[in-house]
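In full-length UniProt numbering, the protein residues as written are 1 to 308. For every residue, glycine included, the Cβ atom is placed at its ideal position computed from N, Cα and C. Only a predicted model underlies this, so the values are computations on that prediction, with no experimental measurement involved. The structure appears below as structure tokens.
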Amino acid sequence: MPHEKSAADSDHDQLKPHLKGGNSKEPSTTPVPAPRSATHHQHHHHHAHHKTHLEEVDLKDSSATPVPASRSAVLREKTDVVSDLDNVNGHVDRVDGKDHSESKVPVSPLTPHPRNPANGSALTAEEELFDSAILLRLDFTNALSDYGGAKMSPAHPGENLTMRSLRRGDFDRGYTELLSQLAVVGNVTREVFQSRFDSMARCPNTYFTIVLEDTVAKKVVGAVTLVVEQKFIHTAALRGRVEDVVTHRDRRGQNLGKLLLDTATILGRHLGCYKLSLECKDSLVAFYRQFGYQTDAGNNYMIQRFRD
Numbered sequence: 001m002p003h004e005k006s007a008a009d010s011d012h013d014q015l016k017p018h019l020k021g022g023n024s025k026e027p028s029t030t031p032v033p034a035p036r037s038a039t040h041h042q043h044h045h046h047h048a049h050h051k052t053h054l055e056e057v058d059l060k061d062s063s064a065t066p067v068p069a070s071r072s073a074v075l076r077e078k079t080d081v082v083s084d085l086d087n088v089n090g091h092v093d094r095v096d097g098k099d100h101s102e103s104k105v106p107v108s109p110l111t112p113h114p115r116n117p118a119n120g121s122a123l124t125a126e127e128e129l130f131d132s133a134i135l136l137r138l139d140f141t142n143a144l145s146d147y148g149g150a151k152m153s154p155a156h157p158g159e160n161l162t163m164r165s166l167r168r169g170d171f172d173r174g175y176t177e178l179l180s181q182l183a184v185v186g187n188v189t190r191e192v193f194q195s196r197f198d199s200m201a202r203c204p205n206t207y208f209t210i211v212l213e214d215t216v217a218k219k220v221v222g223a224v225t226l227v228v229e230q231k232f233i234h235t236a237a238l239r240g241r242v243e244d245v246v247t248h249r250d251r252r253g254q255n256l257g258k259l260l261l262d263t264a265t266i267l268g269r270h271l272g273c274y275k276l277s278l279e280c281k282d283s284l285v286a287f288y289r290q291f292g293y294q295t296d297a298g299n300n301y302m303i304q305r306f307r308d
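Encoded structure:
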């Protein structure tokens with residue numbers, strides 16, 4: 001029986017492509033062929049709009065349809081939008097009426113991943129879901145859990161262990177096998193895993209799946225996910241959910257679950273979440289209380305399950 005269990009949801013934004021304006025009411029005497037690059041892109045865009053997540057362009061009347069901008073221009077626009085979106089957390093440093101722009105902590109810890117697919121680059125097996133460097137910047141000075149006298153942190157998770165972001169190649173390192181010790185995973189092939197990873201990576205600063213890897217066995221032996229939601233309430237705040245906390249059955253009793261939960265909790269605070277929540281069994285309430293989580297009297301967790 002796994003130690004921890006939680007659940008999640010997320011969302012995802014959409015972009016409109018640039019459109020070149022205008023068309024003449026009267027055709028010229030000599031037909032002028034469209035530039036090859038624009039014509040080629042329009043044809044390619046019609047068949048590949050699902051991959052670029054752009055709105056469909058109506059190709060029924062080419063004489064009245066503006067030609068979309070080049071793919072690189074669209075991707076540049078998407079990157080700009082992502083950058084603006086990432087700055088939504090800036091309110092955290094202004095909510096007390098003070099300017100913290102000169103403080104050591106950046107105004108917004110949420111920054112675009114340098115290799116995120118939103119920037120137009122190809123994904124590889126070593127692609128990270130988020131930049132692991134943020135884990136090394138977390139302050140564990142006031143970590144609430146007791147590691148039995150051991151000094152544990154993301155930089156020092158234990159012998160032959162490394163803590164990092166989930167990677168696109170972690171299917172082959174047993175990530176889904178580890179999750180099956182927590183919940184029903186189903187028939188998730190490498191292709192399905194990579195497709196889901198890619199879609200999650202297209203929502204930067206939303207999914208923070210943290211893993212512990214045994215560097216000798218080359219296996220993922222622990223994991224937790226922090227899902228960050230962007231809200232309008234509480235001055236356009238961020239709200240975090242801690243989910244899918246699991247350690248491998250062969251590594252339990254080594255404080256790895258505590259380290260993972262501490263890391264997700266401290267990361268949520270570092271990112272500026274106004275609150276974190278998780279769901280757990282009654283038998284685990286006492287375990288989670290040592291990390292500062294409390295039951296909320298008068299509020300209930302309700303669920304409507306459509307399938308396993």
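- Here M200 carries a helix assignment [DSSP, helix/strand/coil].
- Annotation for G257: no beta strand (DSSP E) segment contains it, though the alpha helix (DSSP H) segment containing it runs 256-271.
- For V188, the three-state secondary structure derived from DSSP is coil.
- Close CB contacts of R305 within its chain, under the 7 Å cut and outside five residues either way in sequence, are absent.
- Counting other Cβ atoms within 10 Å of its Cβ, K275 stays below 16 and is therefore classed as exposed.
- C-alpha of N160 to C-alpha of M152: approximately 13 Å in a straight line.
- In this structure, the CA atom of R239 is about 12 Å from the CA atom of L278.
- Comparing alpha-carbon positions, the option among R173, Y175, V221 lying closest to N255 turns out to be V221.
- Non-local beta-carbon contacts of D214 in its own chain, meaning distances under 7 Å to residues more than five positions away in sequence, involve N160, L161, V221 in chain order.
- For a cut-off of 8 Å, the C-beta gap from L267 to L226 is around 6 Å, short enough to register as a contact.
- Three or more Cβ pairs closer than 8 Å define a contact, and the segment 163-181 meets that threshold against the segment 192-203.
- A residue is called buried once 16 or more other Cβ atoms fall within 10 Å of its Cβ, and L136, having fewer, is exposed.
- DSSP places R305 in the coil class of the three-state scheme, outside both helix and strand.
- T295 is classed as exposed because its beta carbon has fewer than 16 other beta carbons within 10 Å across all chains shown.
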